[in-house]
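*Asks:* This structure is in structure tokens; I'll ask about it shortly.
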Amino acid sequence: MPLDATMRGIRLIGERTLRIVERVGATIAFLGLTLAQSATSFRRFGLVIREIFYAGVQSLIIILVSGLFVGMVLGLQGHETLQNYGSEQSVGVLVALSLVRELGPVVSALLFASRAGSAITAEIGLMKATEQLSAMEMMAVSPISRVVAPRFWGGVLSMPVLAMLFSAMGIIGGFLVSVVVIGVDDGAFWSQMQAAVDFRHDIVNGIIKSVVFGIAVSAIATFEGYEAPPTAEGVSGATTRTVVSSSLAILALDLVMTAFMLKGWN
Amino acid sequence: MTNLVEISDLNFGYNDRLVLKGINLAVPKGSLVAIMGLSGCGKTTLLRLIGGQLRAREGSVKVAGYELNHIGQRDLYALRRRLGMLFQFGALFTDLSVYDNVAFQMREHTDLPESVIRDLTLMKLNAVGLRGVQSLMPSELSGGMARRVALARATALDPELILYDEPFAGLDPISLGVIGQLIRRLNDVLGATSVLVTHDVQESLKIVDYVYFVSEGVIVAQGTPDEIRASPLPFVHQFVWGEVDGPLPFHYPAQTIQNDLGLRGG
Chain U
-15 MPLDATMRGI RLIGERTLRI VERVGATIAF LGLTLAQSAT SFRRFGLVIR EIFYAGVQSL
45 IIILVSGLFV GMVLGLQGHE TLQNYGSEQS VGVLVALSLV RELGPVVSAL LFASRAGSAI
105 TAEIGLMKAT EQLSAMEMMA VSPISRVVAP RFWGGVLSMP VLAMLFSAMG IIGGFLVSVV
165 VIGVDDGAFW SQMQAAVDFR HDIVNGIIKS VVFGIAVSAI ATFEGYEAPP TAEGVSGATT
225 RTVVSSSLAI LALDLVMTAF MLKGWN
Chain A
953 MTNLVEISDL NFGYNDRLVL KGINLAVPKG SLVAIMGLSG CGKTTLLRLI GGQLRAREGS
1013 VKVAGYELNH IGQRDLYALR RRLGMLFQFG ALFTDLSVYD NVAFQMREHT DLPESVIRDL
1073 TLMKLNAVGL RGVQSLMPSE LSGGMARRVA LARATALDPE LILYDEPFAG LDPISLGVIG
1133 QLIRRLNDVL GATSVLVTHD VQESLKIVDY VYFVSEGVIV AQGTPDEIRA SPLPFVHQFV
1193 WGEVDGPLPF HYPAQTIQND LGLRGG
């Protein structure tokens, strides 16, 4: 009996693992299909601009406000910790490096997945449920090139800009708390930050991360929407899967990229 | 008269369940043919096979000289540029205005200047009596109006073959009459050929040239509207005159109710 239960457990784990691997494979294949059918998006860039507006511009408020709060908390916590070592003048460095290297790309990608990724999935899923994608197919227009690709590129192009704005707002938040409220010297705050933040290793690496997150979130969001069962329940399940899978993908990719970036990619 | 659609010895099923069995059907050029039957009898599946959305397991589906069982993506899209399809609830693109919905195919498939597209779009909308709603969004239209706009969109490129999936579903009597007359008139004015899938007997018999009756995946009767009205076949008689008693089974095949309820003697 216990052996049976163990075998069932192993089988269940195996089945779930296979399903996850299958899903990851299908998402990557879908990404390949999207890239192959992206010519229309670049020929008619207005389609992408429209999606940048919906995915990027409309995410600005949540990104900017969250960035400000995260920066303020970093300023508070940083000052609290650094003053134990008499280094509270370095709070600007702590705020800037935390944001530019990690929190900016990661948190903005998580927010982007919840705000824009879920919206992309719901929109494509509903288009499928109401036969709009079938109608497009019947008009000899590929839904991948006309619906999926512009949304994918809109997400990919929006993500780095959102991450940079998140970091910028975070630095402003850190400045407000540590300089304006607590009274850290503003000259030390900015000069130490400028001296410690390296353009290539900190800012460019942060941008690389946000581009990779943008690709992952947009691919997952469009894939889940396109593959959603054409029912209310199916679309709601797909939306949830987008947020969960994107969040896990962002954190896993961040770990891998951070490991490589700290070692210098070689 | 040559046939635009020819189906011979067609079998089709989902998984192990055979939905269409040994279908033979022909649609002559210029005619308006109805495929009728109860919900779930396989008529929408048949329409999807004609539109190339599904592939037959056995048999042949020929549309405008193309054998759809072996057609490649490029040829399928070439064929679909010559087709128009009206979906059950219109399937209008909800992010585009009425005008942009009708102009969609012209913009996708032609190099016409915007001024010509505008004139053609307004003419198509005028043909269905809805030039006045060009700036509205699909969500602002009634069910009947949405169906008429979808009809204008389906005929935007003057298709050779127009497929209608339940065009009368959920319409009030006036809208139903309007849609029926539009289907007939557009077929004749455009010199098109039309296949209409419906279970609305009385409205369809007023406008079509020929009828195929499908029951449980098999064509059980066929003929002109007058022949259908006078048919002595019990199934056709029951269907046309909406009789409660007849050969159509009320219960979906299942084991005995005593068995399901766990009663003795089941």
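Chains as they are written, first to last, in the numbering used here: chain U, -15 to 250; chain A, 953 to 1218.
Ideal placement from N, C-alpha and C gives every residue a C-beta, glycine not left out.
Within the continuous alpha helix (DSSP H) that includes Ser202 (chain U), where are the two ends?
*Replies:* Looking at the DSSP string, the run of the alpha helix (DSSP H) that includes Ser202 (chain U) is Asn189 to Glu211.
*Asks:* What does DSSP give as the partner residue(s) for Gly1036 (chain A) in the beta ladder?
*Replies:* Partner(s): A:Ile1114.
*Asks:* Hey, is the stretch 957 to 965 of chain A in contact with the stretch 223 to 235 of chain U, meaning 3+ C-beta pairs nearer than 8 Å?
*Replies:* Result no; under three Cβ-Cβ pairs closer than 8 Å.
*Asks:* Which residues in the same chain have their Cβ closer than 7 Å to the Cβ of Leu1088 (chain A), if we skip the five residues on either side of it in sequence?
*Replies:* Excluding sequence neighbours, Leu1088 (chain A) sits near Ser1049 and Val1050.
*Asks:* Which same chain residues, not among the five before or five after Asp1052 (chain A), have their C-beta less than 6 Å away from its C-beta?
*Replies:* Cβ within range, chain order: n/a, list empty.
*Asks:* Would you decide whether Lys247 (chain U) is buried or exposed? Buried here means 16 or more other CB atoms lie within 10 Å of its CB.
*Replies:* The residue in question, Lys247 (chain U), is exposed, as its Cβ has fewer than 16 Cβ neighbours within 10 Å.
*Asks:* Does chain U have any CB closer than 8 Å to the CB of His1151 (chain A)?
*Replies:* No, His1151 (chain A) lies away from the interface with chain U (no Cβ there is under 8 Å from its Cβ).
*Asks:* Give me, in chain order, the residues of the same chain whose beta-carbon lies closer than 6 Å to that of Ile1069 (chain A); leave out the 5 immediate sequence neighbours on both sides.
*Replies:* Excluding residues within five positions, the ones whose Cβ falls inside 6 Å are Ala1055 and Met1058.
*Asks:* Are the C-beta of Val125 (chain U) and some C-beta of chain A separated by less than 8 Å?
*Replies:* So yes, Val125 (chain U) belongs to the interface.
*Asks:* In chain U, what lies closer than 9 Å to His1061 (chain A) by C-beta?
*Replies:* Per Cβ cutoff of 9 Å: Met123, Ala124 and Val125.
*Asks:* Taking Cβ positions only, does Gly1122 (chain A) come closer than 8 Å to chain U?
*Replies:* False, the Cβ-Cβ gap to chain U never drops below 8 Å.
*Asks:* How would you label Thr215 (chain U), buried or exposed, when you count the other beta carbons within 10 angstroms and need 16 or more for buried?
*Replies:* With fewer than 16 other Cβ atoms within 10 Å, it is exposed.
*Asks:* Just the C-alpha distance for Leu1077 (chain A) and Arg1137 (chain A), rounded to the nearest angstrom, thanks.
*Replies:* Those two C-alpha atoms are separated by around 14 Å.
*Asks:* Buried or exposed: which applies to Phe53 (chain U), given that a residue is buried once 16 or more other Cβ atoms fall within 10 Å of its Cβ?
*Replies:* Exposed, since its Cβ has fewer than 16 Cβ neighbours within 10 Å.
*Asks:* For my contact list, Val161 (chain U) and Leu60 (chain U) are in at a C-beta cut-off of 8 Å; report their separation, rounded to the angstrom.
*Replies:* Confirmed, Cβ separation roughly 5 Å.
*Asks:* What residues from chain A crowd round Glu211 (chain U), counting only those whose CB sits closer than 7 Å?
*Replies:* None at all; the shortest Cβ gap to chain A is about 17 Å.
*Asks:* Rounded C-beta distance between Leu1134 (chain A) and Arg1083 (chain A)? I'm assuming under 8 Å.
*Replies:* Going by Cβ atoms, the distance from Leu1134 (chain A) to Arg1083 (chain A) rounds to 14 Å, so no, they are not a contact pair.
*Asks:* Quick one: any contact between the stretch 126 to 136 of chain U and the stretch 193 to 207 of chain U, if contact means 3 or more CB pairs under 8 Å?
*Replies:* Contact holds: three or more Cβ-Cβ distances are below 8 Å.
*Asks:* Under a Cβ-count criterion, where at least 16 other Cβ atoms within 10 Å of its own Cβ denotes burial, should Gly(-7) (chain U) be classed as buried or exposed?
*Replies:* Per the 10 Å Cβ criterion, exposed.
*Asks:* Taking Ala179 (chain U) as the reference, give the member of U:Gly(-2), U:Ala212 and U:Ala80 with the closest Cα.
*Replies:* Out of U:Gly(-2), U:Ala212 and U:Ala80, U:Ala80 has the C-alpha closest to the C-alpha of Ala179 (chain U).
*Asks:* List the residues of chain A that Val115 (chain U) touches, going by C-beta distances under 8 Å, in chain order.
*Replies:* Sequence check: residue 115 (chain U) is Glu here, not Val. Here the neighbours are Phe1039, Gln1040, Phe1041 and Ala1043.
*Asks:* For a quick check, are the C-beta atoms of Leu146 (chain U) and Ile36 (chain U) less than 8 Å apart?
*Replies:* Not a contact, by the Cβ cut-off of 8 Å.
*Asks:* So is Tyr1018 (chain A) in contact with chain U if we call contact Cβ pairs under 8 Å?
*Replies:* Answer no: the Cβ-Cβ gap between Tyr1018 (chain A) and chain U never drops below 8 Å.
*Asks:* Which one of A:Leu1123, A:Arg1105 and A:Glu1179 has the shortest CA to CA distance from Gly1095 (chain A)?
*Replies:* When each option's Cα is compared against that of Gly1095 (chain A), the closest is A:Leu1123.
*Asks:* For the alpha helix (DSSP H) that Phe1165 (chain A) lies in, which residues bound it at each end?
*Replies:* Here Phe1165 (chain A) belongs to no alpha helix (DSSP H); instead the beta strand (DSSP E) covers Tyr1162 to Ser1167.
*Asks:* Since Met988 (chain A) sits in a beta bridge, which residues does DSSP pair it with?
*Replies:* DSSP output for Met988 (chain A) lists A:Thr1150 and A:Phe1165 as bridge partner(s).
*Asks:* Sort out for me which residues DSSP pairs Tyr966 (chain A) with in a bridge.
*Replies:* In DSSP, Tyr966 (chain A) forms a bridge with A:Arg969.
*Asks:* Considering only DSSP beta bridges, list what Ser960 (chain A) is partnered with.
*Replies:* Ser960 (chain A) is bridged to A:Ser1012.
*Asks:* Residues of chain U with CB under 8 Å from Arg1032 (chain A), in chain order?
*Replies:* Per Cβ cutoff of 8 Å: Glu121, Met122, Met123 and Ala124.
*Asks:* For Val1170 (chain A), which residues does DSSP report across the bridge?
*Replies:* Note: Val1170 (chain A) sits in a beta bridge opposite A:Ser1167.
*Asks:* Using beta carbons (cut-off 8 Å, strictly below), is Gln1207 (chain A) in contact with chain U?
*Replies:* False, the Cβ-Cβ gap to chain U never drops below 8 Å.
*Asks:* Below 8 Å, how does it come out for the stretch 1160 to 1176 of chain A and the stretch 983 to 998 of chain A: are there three or more Cβ pairs, yes or no?
*Replies:* Yes: at least three Cβ pairs fall under 8 Å.
*Asks:* In whole angstroms, give me the CA-to-CA distance for Leu15 (chain U) and Thr206 (chain U).
*Replies:* Leu15 (chain U) and Thr206 (chain U): Cα-Cα distance of roughly 9 Å.
*Asks:* Ser82 (chain U) versus chain A: which residues are under 8 Å apart at the beta carbon?
*Replies:* Within 8 Å Cβ-Cβ: nothing; Ser82 (chain U) doesn't reach chain A, min ~39 Å.
*Asks:* Taking Cβ positions only, does Val957 (chain A) come closer than 8 Å to chain U?
*Replies:* No, Val957 (chain A) lies away from the interface with chain U (no Cβ there is under 8 Å from its Cβ).
*Asks:* Just the Cα atoms here: how many angstroms apart are Ala20 (chain U) and Thr1073 (chain A)?
*Replies:* Distance between the alpha carbons of Ala20 (chain U) and Thr1073 (chain A): 32 Å.
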